[in-house]
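Mapping of the sequence shown onto the working numbering: position 28 corresponds to residue 31, and the numbering continues sequentially without gaps.
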Amino acid sequence: MEKIKLGISTCLLGENVRYDGGHKLDRFLTETLGEYVAYVPVCPEVECGLPIPRESMHLEGDPESPRLVTSRTKQDMTDRMVRWAKRRVVDLEREDVCGFIFKSNSPSSGMERVRVYDVKGVPAKKGVGIFARIFMDQFPLIPVEDEGRLNDPEIRENFIERIFALKRWREILAKKESRGNLVDFHTRHKLLILSHSPKHYQTMGKLVAKAKDLPLKELYLRYQTLLMEALQLKTTPKKNSNVLMHMMGYFREELSPDEKKELLEVIENYRREVIPLVVPVTLMNHYVRKYDQPYLRQQVYLNPHPLELQLRNHV
Ligand code: SF4
């Protein structure tokens, strides 16, 4: 698989672009995830023409549409930043990025809970950075996170799963549009979707079943929206256990009583959050290979992202 293109706040890559001439290098992003992604760095403050170093800035006014203002001399940079950001998102659309990792708390790049100061100078953590807001409005379905939230193992797993899924979907889009390609994609992703949202699994199943009745463009658009909506919902031990039990049903004839007992025990221990998801999934992969189960073999759920990222290793 070619590397996934991902937008990122430039300072997270270790570039000295911050207002004080420093950086915010994040080693997980550059070293571990960096093996699989090609970053497209974006520093709104430098790219809109501000120098390094520069006066620090903050948001102030209405949290819904705040102004970007320099902290000491009170220069309003909002219009300059908005003009630049609107041009930059057009470039990013051409770059085909599958996600964006923002720098937390930044008045330009923060995606949530950025401080916005009121007239009395009291901050409320209710804002969104000026560039981040324009990016998210332009690409509502593209996965976004910030480096702080990515320290949470569940959020990290969910985000990375989504960027890999979007990359696979973009590969389908790059081929000639056809109902067959879409049905094939859906078949491979069924259990992954089920692990996030049984409701979307049903709705998407119905959509694919009546694929012939819809114009191709509309079918693709509706499917893509549902896919990204579904994957945004968190998996839980309960949802994953249901998927694993569903998979076990495919081996009813083949598994020996001992194998059945062991698999049930492992799934139950995972459901009780005593062991991580990687354990039942590894055992399931073993039986898929041993009994050569063709439907399960093609399920992305069993290998949604590289094992080296260790995303299913948390309890
Ligand atoms: S937070 Fe955003 S604007 Fe600030 S230095 Fe990093 S990339 Fe540039």
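All C-beta atoms, glycine included, are put in the ideal place defined by N, C-alpha and C.
- Beta-bridge analysis with DSSP links E63 to R70, Y120.
- Spanning the alpha carbons of L15 and T81 requires a straight line of approximately 23 Å.
- Nearest in C-alpha terms to P283, of all of I270, D295, Y290, is I270.
- The way I'd put it, the region 45–61 doesn't touch the region 174–194; fewer than three beta-carbon pairs between them come closer than 8 Å.
- Nearest C-alpha to M114 among V122, G124, K123, G102: G102.
- For the pair I196 and T239, the Cα-to-Cα distance works out to about 13 Å.
- Between V211 and M4, the alpha-carbon positions lie close to 26 Å from each other.
- Counting only the Cα atoms, F167 lies some 10 Å from P309.
- Note: A127 is bridge-paired with V119 in the DSSP secondary-structure output.
- Relative to the ligand SF4, the beta carbon of E48 is positioned inside 6 Å of a heavy atom.
- For K237, the three-state secondary structure derived from DSSP is coil.
- In the DSSP assignment, F105 falls within the unbroken beta strand (DSSP E) covering 103–105.
- The beta carbon of S74 lies closer than 7 Å to those of E58, S59, M60, H61 in the same chain, with the five residues before and after it left out.
- When P260, V186, N288, D29 are compared, the shortest CA-CA separation from K106 is found for D29.
- If you check the C-beta of C14 against the ligand SF4, you find a heavy atom less than 6 Å away.
- L299 is the residue among V125, T13, L299, L95 whose C-alpha sits nearest the C-alpha of M251.
- Counting along the chain, the unbroken beta strand (DSSP E) around S12 starts and ends at 7–12.
- With respect to the 7 Å criterion, P146 and F162 are classified as neighbours on the basis of their beta carbons.
- In the structure shown, the three-state DSSP call for D99 is coil.
- If you ignore the 5 residues before and after H189, its C-beta comes within less than 6 Å of the C-beta of V211, all in its own chain and listed in chain order.
- Looking from the CA of Q227, the closest CA among H203, K241, D216, H249 belongs to H203.
- Counting along the chain, the unbroken alpha helix (DSSP H) around E262 starts and ends at 260–274.
- Beta-bridge annotation (DSSP): V45 is paired with S12.
- Excluding its 5 nearest sequence neighbours in each direction, L153 has C-beta neighbours in its own chain below 6 Å: R159, listed in chain order.
- A distance below 7 Å separates the beta carbons of P47 and S111.
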